[in-house]
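Following: one structure in structure tokens, then a few remarks.
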Amino acid sequence: MDRKWKFDPIIFWSIVLTCIAGIFTLYTQEVIIENGEGRWYKQLIFFIIGLIILFTMMRVNYQVLSAIALPLYGISLFLLVITLIPFIGSEIKGARSWIRFGGFGFQTSELAKIATVILLARYLEIKEREIDKIPSLLIAFSIALVPMLLIVVQPDLGGAIIFAPVLFSMLFVAGADIYHISSVVIFTGVSLTIPLYIEY
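This is the structure:
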């Protein structure tokens, strides 16, 4: 059966209008802020590229993403690791979380978020009937924990925290027990706190 993404016009236009509002805000601020020229234009380019990727992915059978879930996840972890290397990763606002290509920068944690969601979706599909078992939950938690810890080391706590609600939402939708999810919430908090104490 040919399964493709369903187009939701409400979600689509909500995202498009939000992006346009953000670009317009940057454009108006550049009139006020000195040396701000070019930021709105870069965001516009990224917005157009994003739309191209969106419509391309809508035509891709989701099972293709399922097939590349693990390799994509591995690549994202590799990029997170090499970002920590001083002469490869760029430090911005105290966090070494970017890899630069000419005038553009690539934040490796963004790919990690996408790869983690795809792999989690694949795993939860496989373990659909075992999602209430602790071992299955721990593996799902580990899939999210590894990139989270690598991002915390950068250090970018804000980028790492984003994984938590995504993980919990996916577990809840998959049918995991709320008490088990609560245990994972506590464990996640402790796991993210320990590296911060080691750092400082």
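If you're matching positions, the sequence shown starts at 32 in this note's numbering and goes up one per residue.
Don't be surprised by glycine CBs; every beta carbon is placed ideally from N, CA and C.
Note that the structure is predicted; figures quoted are calculated from it, not measured.
Between the segment 197-214 and the segment 156-174 there are three or more inter-stretch CB-CB distances shorter than 8 Å, so the stretches are counted as touching.
Assigned with DSSP and collapsed to three states, residue 41 falls in helix.
For residue 193, there is no enclosing alpha helix (DSSP H), as DSSP marks it with neither H nor E. In this structure, residue 142 keeps its C-beta atom at 7 Å or more from the C-beta atom of residue 97.
The C-beta distance from residue 147 to residue 128 rounds to 16 Å, too long to fall under 8 Å, and the pair is not in contact. In this structure, the beta-carbon distance from residue 100 to residue 153 falls below 7 Å.
Only residues of its own chain outside the window of five on either side were considered, and among them 71, 74 and 75 have a CB closer than 6 Å to the CB of residue 54, listed in chain order. With respect to the C-alpha of residue 188, the residue from 140, 102, 164 and 162 having the closest C-alpha is 140. In the structure shown, residue 126 adopts extended strand secondary structure according to DSSP, grouped into three states. A check of alpha carbon separations from residue 155 across 102, 117 and 198 identifies 198 as the nearest. Fully enclosed alpha helix (DSSP H) runs of no fewer than 4 residues occupy 139-157 of the segment 104-170, in order along the chain. By the beta-carbon neighbour count (other beta carbons within 10 angstroms, threshold 16), residue 190 is buried. Distance from the CA of residue 183 to the CA of residue 213, rounded to the nearest whole angstrom, comes to 22 Å. DSSP places residue 70 in the helix class (H, G or I) of the three-state scheme. Contact check for residue 181 against residue 111 passes: the beta carbons are separated by less than 7 Å. In the DSSP assignment, residue 95 falls within the alpha helix (DSSP H) that extends over 93-98. Cβ atoms of residue 50 and residue 86 stay farther apart than 8 Å, at about 15 Å. Taking 7 Å as the cut-off, the Cβ atoms of residue 168 and residue 211 count as close.
Under the 10 Å beta carbon count, residue 60 is surrounded by fewer than 16 other beta carbons and is classified as exposed.
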